[in-house]
Amino acid sequence: MRSRVDNPARLSDGGLIDRNKPLQFSFNGVNYTGYEGDTLASALLANDIKLVARSFKYHRPRGVFTAGEEEPCALIEIGEGDARTPTSRAPMIPLVQGLITNSQNCWPSVNFDIGRVLDFTHIFWPAGFYNKTFKWPSWHTWENLIRKSTGLGQALTGPDPDHYEQVNAHCDLLICGGGPAGLLAARTAGRLGVRVMLVEQDQSFGGTLNWEQVQIEGKSGHSWSLNIIDELDSMKNVMLLPHTTVVGNYDHNVTTLLQTGQGTAWRECFWTVRPKKILLATGAIEQGLIFPNNDRPGIMLASAVRHYLNRYAVVPGRNVMVATNNDTAYQTVFDLARKQIAVSTVVDIRTEVSEEIRQGMADLGTALICGVRISDTRGTRGINKVSIESLDGKIMGSHQCDLLAVSGGWSPRLHLLAHARGKLRFEPASQSFLADTLPPGFTVTGSAAGCSKLTDTLTDAIRKTNNICSQLGFTGKHATAPVVDKDALGSTKTVTAPLNSGKHRQWIDLAHDVTLLDAELAVREGFVSVEHFKRFTTTGMSVDQGKTGNLNAIIALAALTGRETADIGTTTFRPPYVPVTLGAIAGGNLGEFYAPRRYLPAHTLHQQLNAHFADYDWQRPECYPRAGETVEDAVHREVLAVRQSVGIFDNSPIGKIEVRGTDAAEFLNRVYINNVLTLKPGRARYGLMLNENGVIIDDGVFVRLSENHFLVHTTSGAVSRIVAMMEEWLQCEWSHLRVLIDDITTQWANFTLAGPRAREVLNALGTDIDLSAKNLPHMAMASGSVAGLKARVARISFSGELSFEVSIPACTAQHFMQTSLNLGQAFGITPYGIETLMVLRTEKGYLHVGVDTDGSSTPDDIGWGHVARKKTTDYIGKRSLFRPANLAGDRKQLVGLEPLDSKQSIPVGGHLLPGTEQQVPVRTEGWVTSACYSPNLKRYIALAVLAGGRQRLDELLTVFDEDRRIAVKVVSPLFYDTENERLKD
Amino acid sequence: MLRIKCPWCGVRDQTDFQFGGESHIARPETPEHASDAEWANYLYFRKNPKGLHYERWVHSYGCRQWFNIARDTLTHEIIEVYKMGEQPSTRSDTGKANKK
């Protein structure tokens, strides 16, 4: 490594950096030193690094342009590996020990970038060039190539290794901005007891007080601000959030903040705040100037030069020129002079300046040239020459310089106001947009409200804060404004220069490489509305959202179209104000924490039994493979065990809703298509629920426990929405019915003992319930004890076998299942999973709502039309069943399918074509909804929906699935035990 | 995000609630006697005003109670919250009372 002087552009003293704490960092592989308190931008400038980045489109050399979040040029990649952050704004990155930084958008290096060829050939790439050029044969031919060659930085591909937090908060007053106005407002409100949140995007509070040479109440601005911060820190009702940006404002003033961590376990924290009042003390952003080649490294906002000089003791140049259209840039001349750095020339577009300024420049020996503008600049890797001309285009010579400080006036930061649909108006004197109508709860103060002097800012802040406090009901002794002993120059009058019409490019958007030529093209092509103009040129659409360029773009559009700037208006500002990491929005809702996993109460036992788990909303065993078995083998073995001896199935997630009350029967009679009133206590019925459109939303068995007490079973995934649906009807439509609903799903574990020997197992467990078919027939339920546990036993079957569903308290699930397995061994008991159950129910043609039905299925479609029609009283959805569309003969009806070749499987989702020789494409007549291999029938079977299916039994069809064609026959959906003999005994 | 005042629990975030569509939709007294057009009107046809809108919400992640609000669809201002079965005191510009 070559030797070099450390921090050659750093002054020997001054600034708010800690010179006792040097920090090492690397930029493009070279190590440098900065100090605590530096940002990446100030540390790069201190090390005399001017060329830090390449521009978005033309790969132009670029340097640091600003000292804040508005930075359009110095976009740097921070870190390495998967924790890398591309396109970070260098002025917003606090310097830390070991920081690794690299330029992006350049190859092989930032100093020599092949991509610059795009700059030399720029004439071929005007705005919209790709939409117009790459049309043949189609855009898609070129899209891939173009997408690869555009964009800033490299997106990450691996998972983000950083952690993010999220916080919800409430406050009375949210103050956005911790500069002079925000600090004073926080102190004023804080002293009265208002709950205040003070948010500052910089790592330190103070705002302009950290870098403007002002004096308040006999102190320097900086030490005055430290006193306030100390006082605020001691107030329990004030929360200070430095290094936090207010990024969005939403309905009812819900506001989001992005906090950057430093030395914290989390990288960023995303806040959602619900303030009663919002005070915008957000300050203003200095704008650039439009002139030919206004994008070179070494061209910097005049305020940024002051900021680097006074706060970081960094001199970004020794041979300085200033170009301005307002007074504030002269403050830069005075501040530089105080550090013995002479400004050679000031170029002011205005024809006249105040006598005070004229005299000030004369005293410093600075040449002041009024009524002129810059006609060109030179210097590839840093500016070295500036040419000037009169406003009517007469060349007036050129000047050497290595730093050009520019000021195009100030634009208040009112983005949050616009998020809340506040309106802006154009103020000709300052050539900027100010708040016009304020959204509810909003107040704007300080330079965000157009105050140009610190005195005005402090007076304004006090007055408005007192007003807010009164509105909030805090009426103590109101504060008065502090006295400003020494102020900085205010932005008195701002004038916009007429546009140069030279052939050199003049940037109106540095970040997106949009030039005046693009603007002219847009106007020629008729994109004269500001919203169209923005989208055609893409001005203001890069990561900086045009914070230093939008105003110039609007003024340029006005000039090009011969309109008043006020008539152009602004584009719509939308959240977020600065780029927000997706990780911060996701917070901790990732991976295992995205949604809670639900485990069965007997989960540990299932694990011991080597269950093969899958997520069915709950973690459920699909089957229990033995050594050497595949999932398919295990399912077939379990199916045969249930049909031949007995199986045990954990059915705990099944929805269980208790419905009680004197009107419970009447209510359920309106909910089910079935007749509920005739059901006797202790008996169960299979029922269907519809929505008001007549569509099946759930099925299940409901039990009348006693006259006014029902137990409703739902599909395991449906219980929450069925409870919600019942509540909606009870509260909104039938509020006179006396019914209470209680979801008891997780109170009871539920195990199914199914198979010819199920009764023997249950008797072996020991029960006081008479299990005989006479006392407890199919579709009956009894309460008592089983294996010494309080139990409900129902004869309900989803397998087609003799089946007892035993409900026991959830906490006893593991014990019950283990005991059943132990005592059931003598009867060949086999645990079976949900995949096995799916084969068993498909063999019986039992419906699975949501699988064999969809959002259009009616009772008649699945063969329950007779029940739906027979019931004379009204129920939810009944009227819709008589709409013409629901009476049509070609509706999709549930049928069974058998392959002609029994060895051929039938793919679920395969479409049904008529006949066995049908050519495609042809309109589908239905599709396969469920399919499996039946180990009992020793062939493949399927359920399907088929247009007019019930009239088409024995017809031959083709199942079409991509390149497969399977010849099938339409059959009844009941494949096994067609007379239901096995349920009877 | 709206901030909604549940009449039972107080002000909560919108994410606590679910939207239930336009309120005061009268279900035909005897659906079997409703014509297809009347039934379709009840099922599908809703106002889509710019301005005052009566709608029902449920506090799903709180008390699970349904209630009505009068909301300005343009500004999202919630003008009034009132219980199920009650009538709003706010009236739209047309002055027409709702059906139910």
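Residue numbers (the working numbering), protein chains in the order written: chain B, 1 to 985; chain P, 986 to 1085.
For glycine and all other residues, C-beta sits at the position ideal for the given N, C-alpha and C.
Give a yes or no on whether the minimum CB-CB distance between B/Tyr577 and chain P is below 9 Å.
-> Interface flag for B/Tyr577 against chain P is unset, since no Cβ pair is found closer than 9 Å.
Which residues, in chain order, does the region 1055-1071 of chain P contribute to contact with chain B at a C-beta distance below 9 Å?
-> Listed by position, the residues of the region 1055-1071 of chain P near chain B (Cβ gap below 9 Å) are Thr1060, His1061, Glu1062, Ile1063, Met1069 and Gly1070.
Considering B/Asp567, what are the terminal residues of the beta strand (DSSP E) in which it resides?
-> Element bounds for B/Asp567: not the beta strand (DSSP E) but the alpha helix (DSSP H), Thr565 to Ile568.
Taking Cβ positions only, does B/Phe727 come closer than 9 Å to chain P?
-> One detail in the question is off: residue 727 of chain B reads as Glu in this sequence, not Phe. Answer yes: the Cβ-Cβ gap between B/Glu727 and chain P drops below 9 Å somewhere.
Determine the direct distance from the alpha carbon of P/Tyr1067 to that of P/Lys1084, and round the result to whole angstroms.
-> Bear in mind that the predicted position of P/Lys1084 carries a pLDDT of just 38, short of 50, making it unreliable; the figure below should be weighed with that in mind. P/Lys1084 and P/Tyr1067: Cα-Cα distance of roughly 17 Å.
Could you name the residues of the same chain whose beta carbon sits closer than 7 Å to that of B/Ile554, not counting the 5 residues immediately before and after it, in chain order?
-> So the qualifying residues of the chain are Val530, Thr565, Ile568 and Thr570.
With burial defined as no fewer than 16 other Cβ atoms inside 10 Å of the residue's Cβ, what is the status of B/Lys987: buried or exposed?
-> Any answer about residue 987 of chain B is impossible in this case: the structure gives chain B only from 1 up to 985.
So which residues of chain P does B/Cys732 contact, with C-beta pairs closer than 7 Å?
-> Arg1041, Trp1051 and Met1069
Straight-line CA distance for B/Ser3 to B/Tyr58?
-> Interpretation of B/Ser3 is limited by its pLDDT of 44, a score under 50 that renders its predicted location unreliable; the figure taken from the coordinates is listed afterwards. Roughly 33 Å between the two C-alpha positions.
Interface positions of the region 997-1014 of chain P facing chain B (Cβ-Cβ less than 9 Å), listed along the chain = Asp998, Gln999, Gln1003, Gly1005, Ser1008, Arg1012 and Pro1013
Any idea if B/Arg792 is buried or exposed, counting beta-carbon neighbours within 10 angstroms, 16 or more meaning buried?
-> buried
Any C-beta of chain P sitting closer than 9 Å to the C-beta of B/Lys477?
-> Chain P, which has no Cβ nearer than 9 Å to the Cβ of B/Lys477, makes this no.
By how many angstroms is the C-alpha of B/Pro914 removed from the C-alpha of B/Pro921?
-> 12 Å
Report the residues of the region 878-907 of chain B with a CB closer than 9 Å to any CB of chain P, ordered along the chain.
-> Lys878, Arg879, Ser880, Phe882, Arg883 and Pro884
From the beta carbon of B/Tyr1017, is the nearest beta carbon of chain P less than 9 Å away?
-> In the structure as shown, chain B starts at 1 and stops at 985, and residue 1017 of chain B therefore has no counterpart that could be examined.
Neighbour list for B/Tyr624 in chain P, Cβ cutoff strictly below 7 Å | None at all; the shortest Cβ gap to chain P is about 37 Å.
For B/Ala169, the three-state DSSP class (helix, strand or coil) = Strand.
Find out if the Cβ-Cβ distance for the pair B/Lys547, B/Glu212 is shorter than 9 Å.
-> no
Just the Cα atoms here: how many angstroms apart are B/Ala810 and B/Gln747?
-> 6 Å
By Cβ distance, which residues of its chain are closer than 6 Å to B/Ala813, with the 5 residues on each side in sequence left out?
-> Pro601, Ala602 and Ala749
Cβ separation of B/Gln893 and B/Asp861, assumed to be a contact under 8 Å, to the nearest whole Å = About 5 Å separates the beta carbons of B/Gln893 and B/Asp861, which is inside the 8 Å limit, making them a contact pair.
Using a C-beta to C-beta distance shorter than 8 Å, which residues of chain P count as neighbours of B/Asp874?
-> Thr1015, Pro1016 and Glu1017
Using the C-alpha atoms, what's the distance from B/Gly193 back to B/Leu438?
-> So the two alpha carbons sit approximately 25 Å from each other.
Just tell me which of B/Glu427, B/Gly877, B/Asn237 and B/Ile468 has its CA closest to the CA of B/Ala449.
-> B/Glu427
Residues of the region 246-278 of chain B whose Cβ lies closer than 7 Å to any Cβ of chain P, in chain order | Tyr250, Asp251, His252, Val254 and Arg274
Under 9 Å between C-beta atoms, does B/Glu692 make it to chain P?
-> Using beta-carbon distances, B/Glu692 counts as an interface residue toward chain P, with a partner under 9 Å.
Under the DSSP definition of a beta bridge, which residues are partnered with B/Cys623?
-> B/His612
If you draw a straight line from the C-alpha of B/His736 to the C-alpha of B/Trp729, how long is it?
-> 11 Å
Curious, which full-length beta strand (DSSP E) runs of at least 3 residues does the region 989-1047 of chain P contain?
-> If one requires a minimum length of 3 residues, the beta strand (DSSP E) runs lying completely within the region 989-1047 of chain P are 995-998, 1003-1007 and 1037-1043, in chain order.
Measure the CB-CB distance between B/Ile216 and B/Leu454 and report whether it falls below 9 Å.
-> yes
Among B/Glu200, B/Gly81 and B/Arg89, nearest to B/Asp160 - alpha-carbon criterion | B/Gly81
Specify the secondary structure class of B/Tyr164 as computed by DSSP and reduced to three states.
-> DSSP places B/Tyr164 in strand when its eight states are reduced to three.
Where are the beta strand (DSSP E) runs, 3 residues long or more, that stay fully inside the region 360-447 of chain B, in chain order?
-> Complete beta strand (DSSP E) runs here, min 3: 367-370, 372-378, 385-390, 395-400, 403-407, 410-412, 423-427, 432-437 and 442-444.
Kindly list, in the order they appear in chain B, the residues whose Cβ is closer than 9 Å to that of P/Arg988.
-> Asp251, His252, Asn253, Val254 and Arg274
List the residues of chain B whose Cβ lies closer than 8 Å to the Cβ of P/Leu1028, in chain order.
-> Glu692, Asn693 and Ser880
Does DSSP classify B/Leu840 as helix, strand or coil?
-> helix
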